[in-house]
Amino acid sequence: MLKENQKFVCIAIDGIDGSAITLPLKMDLFWVMNEPSFVIKDIWKEWLGSLRIEEILNCGVFILIAQDSTNPGILDDESAELLDNALMFYTAIPFTGNYHMSNSCAITGENAANSTVIRQISNPNKYFSNENVSSSVFGKTKLMEALSISKALKAINENSECSRLLRGVNAFLKGLSEVQPAYRIHQFVRALEALLKPPIGQTRNKFIHRCKTFLKCSPDPSNTLGEVYDLRSKIEHMHDWSEAFPDISIKNIEQRAMLRTRQIEHLTRNTYRRILTDSILRENFQNSNIDNFWSQSDSKKMECWGDGIEINAIMDS
186 MLKENQKFVC IAIDGIDGSA ITLPLKMDLF WVMNEPSFVI KDIWKEWLGS LRIEEILNCG
246 VFILIAQDST NPGILDDESA ELLDNALMFY TAIPFTGNYH MSNSCAITGE NAANSTVIRQ
306 ISNPNKYFSN ENVSSSVFGK TKLMEALSIS KALKAINENS ECSRLLRGVN AFLKGLSEVQ
366 PAYRIHQFVR ALEALLKPPI GQTRNKFIHR CKTFLKCSPD PSNTLGEVYD LRSKIEHMHD
426 WSEAFPDISI KNIEQRAMLR TRQIEHLTRN TYRRILTDSI LRENFQNSNI DNFWSQSDSK
486 KMECWGDGIE INAIMDS
C-alpha cells in the first residue's frame with residue numbers, strides 16, 4: 186500500500202470492531218485496514234512503552250492516507266495536510282454511531298529508501314460512548330457514511346456561511362468528549378440550539394417546537410424535550426440536575442436523567458448525521474438561510490426534513 190517516496194498518516198482507532206468489513210479496503214484517498222501496513226521500530230517501543238504499542242496494535246481499524254513527495258523525510262505542510270485529512274475522517278466516525286474512541290493514535294511518517302520511518306505519534310481527541318447504549322456495528326455502510334461526513338466537515342470548515350453550523354458540530358463533539366452525563370447533555374442541547382436558533386425569551390418553547398421537526402410526533406415528544414431542556418438549564422446555572430424533576434422520587438431521578446441524556450444524544454447525532462450527509466438539506470442551516478427555514482410552516486419544514494425519528498423509543502436498555 187505504501188509506495189517508495191511517500192509520506193503517510195495512519196490512525197489506529199480503538200473501540201471499533203472492523204470485523205464486519207472485508208479489509209483492506211480502498212476508499213477515495215484512504216486505505217482502511219485491520220492492521221498497520223508498516224513495522225513500528227524498537228526506538229518507538231522504547232519511547233512509548235510496550236503497553237502503549239500493544240494498545241496501538243490491538244486497535245480494530247486503521248485508516249491510512251499517503252501521497253508522493255519529493256521531500257519524504259521532512260515534516261512540513263504536506264505532512265500537516267495529510268494529518269488534517271486523516272483526522273477529519275476520524276472525527277466523522279462518531280457522527281455515524283455510538284463508539285468508545287478513547288485510546289486512538291495518529292502516526293505520521295514516510296516510506297523511502299526501502300524503509301518506513303515514523304516521524305511523529307500523537308493522540309487524537311477522545312470520544313466516549315454512552316455506556317448504557319450498545320456500541321454501533323461499524324460496517325461498510327457506516328464507513329462510507331463517515332467518508333461522506335468527513336468531506337462535509339472539511340467543506341463547512343472552509344465556508345464562513347457555515348460558522349453557526351460549525352459551532353454546533355464542535356458542541357456535539359465536545360459533548361462526546363465528556364464523561365459525566367451532566368456535561369454531555371449540556372453540550373448536546375447547545376449543538377441542537379445551533380440548528381434551532383431559538384429567539385431570546387422563547388428559548389424553551391422554541392426548543393421543544395423546533396426539535397419536533399426532526400422527530401415523529403406520535404407519541405408526543407414534548408414532555409421528553411421539555412425535561413431535556415430543564416436538565417440543561419439546571420446544569421448551566423450550576424444547580425443540581427435533580428431540581429429538574431421535583432415530582433420524581435430521589436431513587437428514580439438518576440435513572441430519568443440518564444435516559445434523557447441518551448435520548449438527546451441520539452437525536453443530536455441523527456440530526457447532524459442527516460445534515461452532514463445531505464448537501465441540499467445542509468444549505469438550510471447556513472447563516473443566511475436558517476431564519477428563512479424556521480419561518481416556514483411546520484408542514485413545509487417537515488416536508489423538507491423528511492422522516493423523523495422516535496425519541497421515546499430510546500428507553501432504558
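In the numbering used here, each residue's number is its place in the sequence shown (first place is 1) plus 185. No residue lacks a Cβ here, since even glycine has one placed at the ideal position from N, Cα and C.
Measuring only the C-alpha atoms, how far is residue i from residue j?
i: A205; j: M273; result: 22 Å
i: L358; j: Y312; result: 7 Å
i: I306; j: A271; result: 13 Å
i: N283; j: V364; result: 14 Å
i: M212; j: I225; result: 24 Å
i: S502; j: E428; result: Here S502 scores only 40 on pLDDT, less than 50, and its place in the model is too uncertain to base an answer on.
i: L260; j: W490; result: 44 Å
i: K325; j: V246; result: 12 Å
i: V354; j: A376; result: 6 Å
i: H424; j: P406; result: 25 Å
i: N474; j: S289; result: 37 Å
i: V318; j: E346; result: 35 Å
i: Y275; j: D432; result: 43 Å
i: T453; j: H371; result: 12 Å
i: L327; j: I278; result: The question names Leu, but residue 327 in the sequence shown is Lys. Straight-line Cα distance between these residues: approximately 8 Å.
i: D199; j: H285; result: 8 Å
i: T301; j: W229; result: 13 Å
i: R459; j: L410; result: 20 Å
i: A197; j: L233; result: 15 Å
i: N437; j: A367; result: 16 Å
i: F280; j: N390; result: 27 Å
i: E240; j: P384; result: 48 Å
i: G203; j: I292; result: 19 Å
i: H394; j: P309; result: 37 Å
i: I238; j: F223; result: 13 Å
i: L208; j: L381; result: 40 Å
i: A265; j: G493; result: 39 Å
i: E488; j: S287; result: 38 Å
i: V374; j: A356; result: 9 Å
i: E231; j: R304; result: 15 Å
i: D483; j: S235; result: 58 Å
In the DSSP assignment, what are the bridge partners of residue i?
i: C195; result: L249, I292
i: W216; result: K211, L249
i: T301; result: N296
i: Y312; result: M286
i: S307; result: A291
i: I494; result: L400
Below 8 Å on the Cβ atoms is my guess for residue i versus residue j; work out the distance and round it to an integer in Å.
i: L210; j: A251; result: Wrong, their Cβ atoms sit about 15 Å apart, outside the cutoff.
i: A337; j: L461; result: 4 Å
i: A379; j: L350; result: 7 Å
i: M218; j: L249; result: 6 Å
i: R369; j: E450; result: 7 Å
Cβ pair count under 8 Å reaching 3, the segment 400-419 against the segment 440-448
yes
Whole alpha helix (DSSP H) elements within the segment 397-455, 4-residue minimum:
407-421
Should the segment 471-479 be called in touch with the segment 379-398, which here means at least 3 C-beta pairs below 8 Å?
yes
What ranges does the alpha helix (DSSP H) occupy inside the segment 461-490, keeping only unbroken runs of at least 4 residues that lie completely in it?
464-468, 475-480, 483-490
Three or more beta-carbon pairs under 8 Å between the segment 282-302 and the segment 190-197, yes or no?
yes
Enumerated in chain order, which unbroken segments of the alpha helix (DSSP H) with a length of 4 residues or greater are wholly contained in the segment 362-394?
366-381
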